[in-house]
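Q: Pasting a structure here, questions to come.
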Amino acid sequence: MEERRIGVYVCHCGSNIAGVVDCGKVAEYAKTLPNVVVARDYTYMCSDPGQNLIKDDIKKLNLNRVVVASCSPRMHEPTFRRAIQDAGLNQYLFEMANIREHCSWVHEDPQKATEKAKALVSAAVRRVYYHEPLETRIVTMNPNVLVVGGGVAGIQAALEIAAAGHKVYLVERSPSIGGIWPSSIRPSPRWTVPPVF
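In terms of my numbering, the sequence shown opens at residue 77 and continues consecutively.
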């Protein structure tokens, strides 16, 4: 097993994070975690200078895992994945800790918010330790759909999927479709459901 060399980067996000969380303390704490080679805090990690800081450390310090503690992964995870890939590291050897939405935006007590940010960074470091490089693959898929259960919900799902232009296979274990009806609204024996293909 190769030696894990982890870099941790804590973003201030202007005052969005740094207004509540002590980012310097979080970075100092990260330096004490196992396998962390470098930990830094910076005003805007998503900026070009912030990304270049990560790229330079990957090359100079031979990092093979990266953690960024900043905003929501929905916002900037692709940004950081691209940055580490540009530096020659597999994009999946990356983990993000959301210390904006989970710490600074939901806490008023700076000390508690900072402690929580440390815990999230610690968890991210422990998690990224076990990451393995992955490769994106393109595979063929079967666009047909199997709907299990010919009750009201199954029939409705099959109809909507078929209306969207997909071939649907509707499977029901009973000899007839329609599901279980309460006795008060049970349809008459003459009522039938047209087959769905």
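Cβ atoms here follow ideal geometry from the backbone N, Cα and C, with glycine treated the same way. Just so you know, these numbers come straight off a predicted model, no measurement behind them.
Check whether the Cβ atoms of G90 and Y118 sit closer than 8 Å, and answer yes or no.
A: Here residue 90 corresponds to residue number 14 of the sequence shown, with the count starting at 1. Here residue 118 corresponds to residue number 42 of the sequence shown, with the count starting at 1. No, these two residues do not count as a Cβ contact at 8 Å.
Q: Three-state secondary structure (DSSP) at C147?
A: The sequence position of residue 147 within the sequence shown is 71, counting from 1. C147 falls in the coil class under three-state DSSP.
Q: Grouping DSSP H, G and I as helix and E and B as strand, with all else coil, what is Y246?
A: For the purposes of this step, residue 246 is identified with residue 170 of the sequence shown, where counting begins at 1. For the sequence presented, residue 246 should be read as Leu rather than Tyr. Reduced to three states, the DSSP call for L246 is strand.
Q: To which residues does DSSP link F170 through a beta bridge?
A: Numbered from 1 along the sequence shown, position 94 holds the residue referred to as residue 170. V142, per the DSSP bridge assignment.
Q: What are the boundary residues of the beta strand (DSSP E) that includes Q213?
A: Here residue 213 refers to the residue found at position 137 of the sequence shown. Per the sequence shown, residue 213 should be read as Arg rather than Gln. Careful: R213 lies outside any beta strand (DSSP E) and carries neither H nor E.
Q: Pick helix, strand or coil for I82, following the three-state DSSP scheme.
A: Taking the sequence shown and counting its residues from 1, one reaches residue 82 at position 6. In the structure shown, I82 sits in a strand (DSSP, three-state: E or B).
Q: What runs of the beta strand (DSSP E), each 3 residues or longer, lie entirely inside the region 157–201?
A: Here the runs fully enclosed are 170–174.
Q: Would L196 and A173 be called neighbours here (beta carbons separated by less than 8 Å)?
A: Locating residue 196 in the sequence shown gives position 120, counting from the first residue. Locating residue 173 in the sequence shown gives position 97, counting from the first residue. Result yes, Cβ atoms of L196 and A173 sit closer than 8 Å.
Q: Let me confirm a value: E171 is counted as buried when at least 16 other C-beta atoms fall within 10 Å, else exposed. Which label applies?
A: Stepping through the sequence shown from its first residue, residue 171 is reached at position 95. Flag for E171 reads buried.
Q: Mind checking which residues open and close the beta strand (DSSP E) that includes D98?
A: For the purposes of this step, residue 98 is taken as the residue at position 22 of the sequence shown. Run containing D98: none; DSSP gives neither H nor E here.
Q: Could you tell me the alpha carbon to alpha carbon distance between Y85 and A103, rounded to whole angstroms?
A: Within the sequence shown, the letter at position 9 stands for residue 85. Within the sequence shown, the letter at position 27 stands for residue 103. C-alpha separation (whole angstroms): 7 Å.
Q: Nearest-angstrom Cα distance between A159 and L210?
A: Translated into positions along the sequence shown, residue 159 becomes position 83. Translated into positions along the sequence shown, residue 210 becomes position 134. Going from the Cα of A159 to the Cα of L210 covers about 16 Å.
Q: Report all residues from its chain with a CB closer than 7 Å to the CB of A193; omit the five preceding and five following residues, and keep chain order.
A: Reading the sequence shown from its first residue, position 117 is the one you call residue 193. The answer, listed in chain order, is V97, V102, A145, I175 and C179.
Q: Is Y120 helix, strand or coil by DSSP?
A: As a first step, residue 120 is located in the sequence shown; it is residue number 44 there, counting from the start. In the structure shown, Y120 sits in coil (DSSP, three-state: anything other than H, G, I, E or B).
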